[in-house]
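Heads up, the thing below is written out as structure tokens.
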Amino acid sequence: MTESLLEVRNLCRSFGSMRAVDDVSFVLERGRIYGFIGPNGAGKTTTMRILATLDVPDSGDAVLEGLSVLVEPRKVRDRVGFMSDQFEPYANLDVLQYLDFFARAYGLRGRERIDVVRSVASFCGLDSFATRPATGLSKGMGQRLHLAKTLLHDPSLLILDEPASGLDPRARIEFRALLRELSAAGKTILISSHILAELSETCDGVLVIEQGRLMASGKIGDIARSVRDRHRMRMRVLGEVEHAQRFLVVQPQVHEVRVVETSVEFEFAGDDEAAAELLARAVAGGLRIVEFVAQGANLEEIFMTTTRGRLS
Amino acid sequence: MSTVADRSLGFFERLSDRVSPILVRELQQAVTARAFAVTLGVASLVVMMMAVAFTWTDSSWRGGELGRDALGWCVICLAPIAVVVVPLQSLTGMRQEVVGGTAEQLLLTKIRPSRVALGKVAAGLAQFTVYLGVFAPLFGLAYLLRGVSFGSILLILYFGVLSNIAATAFAVAMGSLGKRRNQQQAAQALASIVLFSTSTGLMGGGYELIREFDQLLRAPEFWPVVLTVTVTFVLGTWLAVLVATAVLSHPYENRSTPFRVFGVGALAVGALWLLFVMDSGNRPESAGYLSALLALLLFPIWLWAPCEEEALSPRVRSYVPLRAGLLVAPFLPGGGRGLLYAVVLAALGVALATALPFLSTGVVHRSAEYATAAWLYAPFAGGLARAIRGRLPEGKRWSVVTFTTTVILFFVFALGAQVVLIFSRYASASSWNVLHIFNPFWTVFDGGPGWFHIAALVVVAGLLLLAGLPSIFRGMREVARAAADRRALVD
């Protein structure tokens, strides 16, 4: 059973008459990656800033490893790494000097500081950029440096606000690989992004927010099931695919059957039990099935279903 | 290309184990910046040219005051470096950190905003020291050419360092100000005007300054003057660092207490100055005027305190001292506690003007009346501000509205009182009328307030304070509860 790392309870934050965060509650488990999605102005950044202790809620609280962001912000900061969407490194410093400065700012000294700076720089792929000016890096390398700075004090929760924004495809893929490694190392990651396809490949769970309200949260598959009563399924068969099509159209809870190359795709309204029965009937009916799968949950679909494009 | 593994840590990285990382980083940036190298090169060239010129000049020229001329040129060259070049560099750095979000990123580390500001001031001083090193040969030459004493050179160096510290602190504060671009530009323009005019003044008066320093060295007022200037620079630097710290901190953090402590600290420094610098013969008179001057200079602090929102922010509540009592409460944020603070500060100010000279010399000078009247405006205006603030919604901007309204009300009443007296009642402007209590400038400066006037101020301030009492009690109760909650958490 996974251990919960962060518990957000009824978080509210208003700016004047605008309610930026409205009664938001969720739990993040240790070692998982969570996508935080929502339209612009939905309250993602405000929520993240509260979790990073850079803002305070009007009411509610967030507890990280038993520490309240309100009551013990300094201790929380030791456990949180916040990578904001704004990154402007110091001029006239090289990559290693930049990291060394922040390592010292996080209270690391002596040999420990040197070792941490080196290992974090290596982890983030900055090895061969050590003497390059921090301001002269490409966007992708800049984001790596930003991430490296965020990792220096070994936080257990990483909050990343739009880290992939402006990155080219290769940089995105490399960045995603870094996140997976961090997750494998036991770090919990909360990441906001507008690139939903990318999040669906990286994230274990997702939080959907709109107008400051949490519209959905949980594993992508679970949310997908909760927001629609049908799943898209695919059946690949050997032999005549039309035969499979004819079989499916008369089955209960099966809709919108269509042939795609050697497979049949259809909407299925039943649960896992009903799906198993359908498969058994198909095999008994003489279909030579080589693949029978629920289509991967589509984050874009979840997003469009759970949100209405409203802004706070 | 070197890699992380084979790159050895340099001097600066090793240094940052021992001193402020902000200072180290600022120095790292400075020494690798082209501007620093260019300025240093130009300064070295100027020093060399001047050294050659003075060495080749006939020593009998200018009546044997060639050394003084050389020292004068040192002042002319160093003044813009001390109060313009180095401070503006700090201002630009600060502004870039605020705009680029690095200042906020630093809040997540173990570095407090005050350390950021102080680190920048220290870095400015370190840079200025490098420039002083470049000019060292010229100082030496000035001494060798005769006409100036070693003491004068030391005094110039001392005041140069003080000016650099204060100017850099001011520049750092101005660099941190403003959320919008136009506000930042306005702050930068203001800072530039102040720094450039100070530099121009110092450059223009360079020779005169050296002459005055020579005289000062032989005068009995040497130590009082040096101490007074030092204390003024220290207080100015302290205030500038507080401003930068407050701006860099988040609004929900405790930004009030440092300013409130500064108010009391300024009075304490004033008391020490009176006791240890001022001779006992002049102490009673000086005490009154100094106290009145402090009442005027500290007005933004004692008037802002009652204008604050009444409740503690959740963040501040979590920092309330466990044993918070009556002594601590006036220093914690909140308008009710702020009103109490204004009263406490006024009482201390009046004590500075009356009790201190009386206890140390047995005499109270008439200037104490000015001080008392001036300080009575603290509870008076504070009570008025609290009454206004209590009727406005929560939110920082309403605190600003209250502050501004209170100041405007005083000006309106000040003018109104004059108009009523002069045009309606045909009374002489110098005869005191009850309307004048709304006019601090008239009451304090026009012929002296007199104890009757003070009594009237006490009555009005007392009435306003009575109206503010519930707010004070609520403020005290909130602190007591917050402390109890924290104790319960700890236990």
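These protein sequence lines map, in sequence, to chains A and B.
Residue 5 is where the first sequence starts when you use my numbering, and the numbers rise one by one after that.
Residue 123 is where the second sequence starts when you use my numbering, and the numbers rise one by one after that.
For every residue, glycine included, the Cβ atom is placed at its ideal position computed from N, Cα and C.
Can you tell me where the alpha helix (DSSP H) holding residue i begins and where it ends?
i, result
"C429 (chain B)", "F421 to C429"
"C128 (chain A)", "Unbroken run through C128 (chain A): none, as it is neither H nor E."
"E334 (chain B)", "G328 to R340"
"D191 (chain B)", "L188 to P202"
"H150 (chain A)", "K143 to L155"
"G471 (chain B)", "G457 to A475"
"E185 (chain A)", "P173 to A188"
"K232 (chain B)", "Where K232 (chain B) is concerned, there is no enclosing alpha helix (DSSP H), given that its DSSP letter is neither H nor E."
"D276 (chain A)", "D276 to A288"
"P77 (chain A)", "P77 to R81"
"Y492 (chain B)", "S489 to R511"
"G484 (chain B)", "Where G484 (chain B) is concerned, there is no enclosing alpha helix (DSSP H), given that its DSSP letter is neither H nor E."
Below 7 Å on C-beta distance, what does residue i contact in chain B?
i, result
"V60 (chain A)", "Y374, S435, P436 and R437"
"F86 (chain A)", "L230"
"P44 (chain A)", "Contrary to the premise, residue 44 (chain A) reads as Asn rather than Pro in this sequence. Residues of chain B passing the Cβ test: none, with the nearest at roughly 19 Å."
"A95 (chain A)", "Q151"
"Q215 (chain A)", "Correct list: empty, because the minimum Cβ distance to chain B is about 22 Å."
"R81 (chain A)", "L230"
Name the one or two DSSP bridge partners that residue i has.
i, result
"I315 (chain B)", "Looking at the DSSP assignment, I315 (chain B) forms no beta bridge with any residue, so it has no partner."
"M216 (chain B)", "In the DSSP output, where bridge partners are listed per residue, M216 (chain B) has none listed."
"L164 (chain A)", "A:M87 and A:I195"
"E2 (chain A)", "Because residue 2 (chain A) is not part of the residues shown, which for chain A are 5 to 316, the question remains open."
"F30 (chain A)", "A:V12"
"G222 (chain A)", "A:V210"
"S72 (chain A)", "A:V67"
If you follow the beta strand (DSSP E) that residue i is part of, which residue opens it and which one closes it?
i, result
"I213 (chain A)", "G209 to E214"
"L242 (chain A)", "H235 to L242"
"N96 (chain A)", "Segment: none, N96 (chain A) is in no beta strand (DSSP E) and carries neither H nor E."
"A298 (chain A)", "R292 to A298"
"G297 (chain B)", "Unbroken run through G297 (chain B) is the alpha helix (DSSP H), F272 to S298; no beta strand (DSSP E)."
"Y38 (chain A)", "I37 to I41"
"V67 (chain A)", "S63 to L68"
Taking the beta carbon of residue i as the centre, do at least 16 other beta carbons fall within 10 Å, making it buried, or is it exposed?
i, result
"A157 (chain B)", "exposed"
"D167 (chain A)", "One point to set straight first is that residue 167 (chain A) is Pro, not Asp, in the sequence displayed. Classification for P167 (chain A): buried."
"W426 (chain B)", "buried"
"T231 (chain B)", "buried"
"Q249 (chain B)", "buried"
"Q310 (chain B)", "buried"
"R405 (chain B)", "buried"
"S124 (chain B)", "Its pLDDT being 49, under 50, S124 (chain B) is placed unreliably in this model, and the coordinates cannot settle the point."
"T177 (chain B)", "exposed"
"G262 (chain B)", "exposed"
"T352 (chain B)", "exposed"
"A468 (chain B)", "buried"
"S316 (chain A)", "Any reading at S316 (chain A) must be qualified, since the residue scores a pLDDT of 43, below 50, and its modelled position is unreliable; the value itself is stated next. Answer is buried; the Cβ neighbour count reaches 16."
"I94 (chain B)", "The structure shown does not extend to residue 94 (chain B), since chain B spans only 123 to 613, so no value can be given for it."
"Q227 (chain B)", "buried"
"F19 (chain A)", "exposed"
"T310 (chain A)", "buried"
Using a cut-off of 8 Å between C-beta atoms, extract the partners of residue i located in chain A.
i, result
"E600 (chain B)", "Ordered by position in chain A, no residue passes the 8 Å Cβ test against E600 (chain B), which lies about 16 Å from the chain."
"R217 (chain B)", "Under the 8 Å cutoff, chain A gives no residues; its nearest Cβ is about 12 Å from R217 (chain B)."
"G223 (chain B)", "S88, Q90, F91 and E92"
"R445 (chain B)", "In chain order: nothing, as chain A lies at least about 18 Å away."
What does residue i touch in chain A if you count any residue whose Cβ is under 7 Å from its own?
i, result
"E226 (chain B)", "L58"
"P143 (chain B)", "F105, R108 and A109"
"R405 (chain B)", "Ordered by position in chain A, no residue passes the 7 Å Cβ test against R405 (chain B), which lies about 46 Å from the chain."
Whose Cβ in chain A lies nearer than 9 Å to the Cβ of residue i?
i, result
"S440 (chain B)", "S72, L74, V75, E76 and P77"
Residues of chain B with a CB under 8 Å from the CB of residue i: which are they?
i, result
"E69 (chain A)", "The premise fails here: E69 (chain A) is roughly 16 Å from chain B at the closest Cβ pair, so nothing lies under 8 Å."
Taking 8 Å as the line, does the beta carbon of residue i fall inside it for any heavy atom of the ligand HEM?
i, result
"L276 (chain B)", "Only the bare structure without any ligand can be found here, which leaves the ligand HEM out of the picture."
Checklist entry - Going along the chain, which residues of the segment 151-178 of chain A sit with their C-beta nearer than 7 Å to a C-beta in chain B? => result Cβ contacts with chain B come from no residue of the segment 151-178 of chain A.
Checklist entry - If contact means a Cβ-Cβ distance below 7 Å, which residues of the segment 152-166 of chain B contact chain A? => result Residues of the segment 152-166 of chain B that bring their beta carbon within less than 7 Å of a beta carbon in chain A comprise T154 and A155, in sequence order.
Checklist entry - Which residues, in order along the segment 376-388 of chain B, keep a beta-carbon less than 7 Å from a beta-carbon of chain E? => result In summary, chain E is missing from the structure at hand, where the protein chains are A and B.
Checklist entry - Name the residues in the segment 290-302 of chain B whose C-beta lies less than 9 Å from a C-beta of chain A; which are they? => result Of all residues in the segment 290-302 of chain B, none places a beta-carbon less than 9 Å from a beta-carbon of chain A.
Item to check | Near-chain A residues of the segment 233-265 of chain B (beta-carbon distance less than 7 Å), N- to C-terminal order | outcome: For the segment 233-265 of chain B, the beta-carbon criterion of a distance under 7 Å to any beta-carbon of chain A is satisfied by I233.
Checklist entry - Of the residues that make up the segment 111-123 of chain A, which ones have a beta carbon closer than 7 Å to any beta carbon in chain B? => result Answer set for the segment 111-123 of chain A: G111, R113, G114, I118 and R122.
Checklist entry - Going along the segment 496-523 of chain B in order, which residues come within less than 7 Å of chain A, judged by CB to CB distance? => result Against chain A - using a Cβ distance shorter than 7 Å - the segment 496-523 of chain B contributes no residues.
Item to check | Contact set between the segment 5-26 of chain A and chain B, restricted to residues whose Cβ is under 7 Å from the partner | outcome: For the segment 5-26 of chain A, the set of residues with a beta-carbon nearer than 7 Å to any beta-carbon of chain B is empty.
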